[in-house]
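Since the structure comes first, as structure tokens, the remarks are kept for the end.
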Amino acid sequence: MKNQNLHMLLKQIILLLVILPFSLSAQVYKQFSNPNLDFKTKLKSCLQYAVQETNHKKAWLVYQIYTSNDPFINNPTLKSDEYFSESLDVLILNNSNSSKNKYDRNSLLNQPSNIFTKQNRSIKKSTKTGTKPVKLFRSAIIFDCFLESGFPRIHRVYYQRMEQAFSKEKRPIFWLGVINTTDSFNSLANLYNKTKHSKLKQQIIPILGIHPTSSNLINFAKDELRANNSANLKSAIINLLGNSTGYESIKLLTNIAFKISNIEIRKKAVQALGQIGNPLAFSALKMLATRKTDLAVRKEAIFWISQFGYDQSIQILKQLVTSKNQAISEYTVFAISQIPENRGTPLLALIAKKSPNPKLREKAIFWMGQSKDQKEIDLLIDVFNGIENE
959 MKNQNLHMLL
969 KQIILLLVIL
979 PFSLSAQVYK
989 QFSNPNLDFK
999 TKLKSCLQYA
1009 VQETNHKKAW
1019 LVYQIYTSND
1029 PFINNPTLKS
1039 DEYFSESLDV
1049 LILNNSNSSK
1059 NKYDRNSLLN
1069 QPSNIFTKQN
1079 RSIKKSTKTG
1089 TKPVKLFRSA
1099 IIFDCFLESG
1109 FPRIHRVYYQ
1119 RMEQAFSKEK
1129 RPIFWLGVIN
1139 TTDSFNSLAN
1149 LYNKTKHSKL
1159 KQQIIPILGI
1169 HPTSSNLINF
1179 AKDELRANNS
1189 ANLKSAIINL
1199 LGNSTGYESI
1209 KLLTNIAFKI
1219 SNIEIRKKAV
1229 QALGQIGNPL
1239 AFSALKMLAT
1249 RKTDLAVRKE
1259 AIFWISQFGY
1269 DQSIQILKQL
1279 VTSKNQAISE
1289 YTVFAISQIP
1299 ENRGTPLLAL
1309 IAKKSPNPKL
1319 REKAIFWMGQ
1329 SKDQKEIDLL
1339 IDVFNGIENE
């Protein structure tokens, strides 16, 4: 009986040890959010405090920036079963702390801080009088920190909406307030340059892309593409440029597509241009498709031209299908078959009927035959009937 009671007691203790960390509400430290403190001081102070004044092995560092990209759309990997039921901003607003103001500058300037400057889901701002307002989102940048051995280390970085539910893991949250995007970008770029962990670097790259600081982004991308980085990191940087629609991003991607020695990186740059999808990117793709460059790069450009679905796209493809380069002309037939909404079907039918090149006629008939659209099937039958009557 004694052993049974002892065994039961041990089970209860183990159960408490497992449940207790997840049953307590998260402790939120807000004194580091004072807007009169510079960002470096905030980071240094809260990390010192986290190591010396808390008994936790992990902590969250959270701050907010305003972005033109919606982090909910751009970061769809967050899973609901990892969250509190409360949103991040509710957690911060509803929780208080009993901490002392240590490791700060003049008691963290002894001034109350604004928790948020805006509480609505998104805001609209205009940079100049008369310009169209730009919709901005309240985006949270979150550092996942390890505090073991008295040496704080940023293990992971990610981002989400302030209105999204936050991690259910109960550890201290250090709220750093609303940070201007230049300070945030520079801090993340500095962390990127200092860390030797490629996984952390890859996490930082897309977060840099949500900052509306195009000149900083272009300079960062140029430096990293010149550096001796892995192909994975360079691909991530090119994807980052593909999320920007600015002239400098398109110019840089075009130069990469023409000049970089690594063919896969060049193809990635073409793909990024296709994803940008504006008229300037279309012009760059036209140059890449029609000028003499590597065959794989030209093919990639031809495919993305077809995805625009412009009338001009069809005209360019119509010219390319007559290319003296057999590989280009055959691939162009495939690209025509990929034009959205079957807009390339009439051109495929024309190639199937009229092309002097038997291989192109064969390719056109093949791709028409892949369609499940009844109109396209009827058109294919007409093509066969026309061939039989010749």
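Position one of the sequence shown corresponds to residue 959 (this note's numbering), numbered consecutively onward. Glycine included, every Cβ here is placed at the ideal spot set by N, Cα and C.
Please state whether DSSP places Ile1294 in a helix, a strand or coil.
Residue 1294 sits at position 336 when you count from the first residue of the sequence shown. Helix.
Our contact map puts Leu1175 next to Leu1166 with C-beta atoms below 8 Å; I'd like the distance itself, whole angstroms only.
What you label residue 1175 is simply residue 217 of the sequence shown in a count that begins at 1. What you label residue 1166 is simply residue 208 of the sequence shown in a count that begins at 1. Yes, Leu1175 and Leu1166 are in contact; Cβ-Cβ is about 6 Å, under 8 Å.
Under a Cβ-count criterion, where at least 16 other Cβ atoms within 10 Å of its own Cβ denotes burial, should His1169 be classed as buried or exposed?
Here residue 1169 is taken as the residue at index 211 of the sequence shown, counted from 1. His1169 should be labelled buried.
Starting from the N-terminal side, write out each stretch of the alpha helix (DSSP H) that is 4 residues or longer and does not extend beyond the stretch 1177-1222.
Runs of the alpha helix (DSSP H) inside the stretch 1177-1222: 1189-1200, 1205-1217.
Hey, could you find the ends of the alpha helix (DSSP H) Thr1251 is sitting in?
Within the sequence shown, numbered from 1, the residue matching residue 1251 stands at position 293. No alpha helix (DSSP H) contains Thr1251, which DSSP labels as neither H nor E.
So Ile939 and Val1115 are supposed to be a Cβ contact under 8 Å. How far apart are they, rounded?
With the chain covering only 959 through 1348, there is no way to say anything about residue 939.
Which term fits Ser1287, buried or exposed, when burial requires 16 or more other beta carbons within 10 angstroms of its beta carbon?
In the sequence shown, counting from the first residue as 1, residue 1287 sits at position 329. With 16 or more Cβ atoms within 10 Å of its Cβ, Ser1287 is classed as buried.
Under the DSSP definition of a beta bridge, which residues are partnered with Ile1100?
Numbered from 1 along the sequence shown, position 142 holds the residue referred to as residue 1100. BP columns for Ile1100 point to Val1020, Tyr1116.
Could you pull the DSSP bridge partners for Arg1111 from this structure?
By one-based count along the sequence shown, residue 1111 stands at place 153. In DSSP, Arg1111 forms a bridge with Phe1104.
What three-state label does DSSP hand Val1228 in the structure shown?
Here residue 1228 corresponds to residue number 270 of the sequence shown, with the count starting at 1. If DSSP states are grouped into helix, strand and coil, Val1228 belongs with the helices.
Going by DSSP in three states, Val1048 sits in which element: helix, strand or coil?
Residue numbering aside, residue 1048 sits at position 90 when the sequence shown is read from its first letter. If DSSP states are grouped into helix, strand and coil, Val1048 belongs with the helices.
Rounded to a whole number of angstroms, what is the C-alpha to C-alpha distance between Phe990 and Arg1249?
Residue numbering aside, residue 990 sits at position 32 when the sequence shown is read from its first letter. Residue numbering aside, residue 1249 sits at position 291 when the sequence shown is read from its first letter. Cα-Cα distance, rounded: 56 Å.
Should Gly1327 be labelled buried (16 or more other beta-carbon atoms within 10 Å of its own) or exposed?
Translated into the one-based positions of the sequence shown, residue 1327 becomes position 369. Gly1327 should be labelled exposed.
When we look at the beta-carbon of Lys988 and count the other beta-carbons within 10 Å, is it buried (16 or more) or exposed?
The residue you call residue 988 lines up with position 30 of the sequence shown. Buried, since its Cβ has 16 or more Cβ neighbours within 10 Å.
Which residues bound the alpha helix (DSSP H) around Ile1131?
Locating residue 1131 in the sequence shown gives position 173, counting from the first residue. Counting along the chain, Ile1131 falls outside any alpha helix (DSSP H), though it belongs to the beta strand (DSSP E) covering 1131-1136.
Would Lys1226 and Ser1193 qualify as a contact pair, given that the criterion is a beta-carbon distance under 8 Å?
Working through the sequence shown from its first residue, we reach residue 1226 at position 268. Working through the sequence shown from its first residue, we reach residue 1193 at position 235. Yes, Cβ-Cβ distance for Lys1226 and Ser1193 is below 8 Å.
Along the chain, where does the alpha helix (DSSP H) that runs through Ser1125 open and close?
Counted from its first residue, the sequence shown places residue 1125 at position 167. Element bounds for Ser1125: not the alpha helix (DSSP H) but the beta strand (DSSP E), 1123-1125.
Using 10 angstroms around the beta-carbon of Tyr1289, count the other beta-carbons present and answer buried if the total reaches 16, otherwise exposed.
The residue labelled residue 1289 in the question sits at position 331 within the sequence shown. The residue in question, Tyr1289, is buried, as its Cβ has 16 or more Cβ neighbours within 10 Å.
Suppose the cutoff is 8 Å on Cβ atoms and the five residues either side in sequence are ignored; what does the same chain contact list for Val1020 look like?
In the sequence shown, counting from the first residue as 1, residue 1020 sits at position 62. The answer, listed in chain order, is Leu1046, Ile1050, Ala1098, Ile1099, Ile1100, Phe1101, Ile1131, Phe1132, Trp1133, Leu1134.
Nearest-angstrom Cα distance between Gln1022 and Met1120?
As a working note, residue 1022 is residue 64 in the sequence shown. As a working note, residue 1120 is residue 162 in the sequence shown. Cα to Cα, the separation comes out at about 8 Å.
Could you name the residues of the same chain whose beta carbon sits closer than 6 Å to that of Asp1028, not counting the 5 residues immediately before and after it, in chain order?
As a position in the sequence shown, residue 1028 is number 70, starting the count at 1. Answer for Asp1028: Phe1095, listed in chain order.
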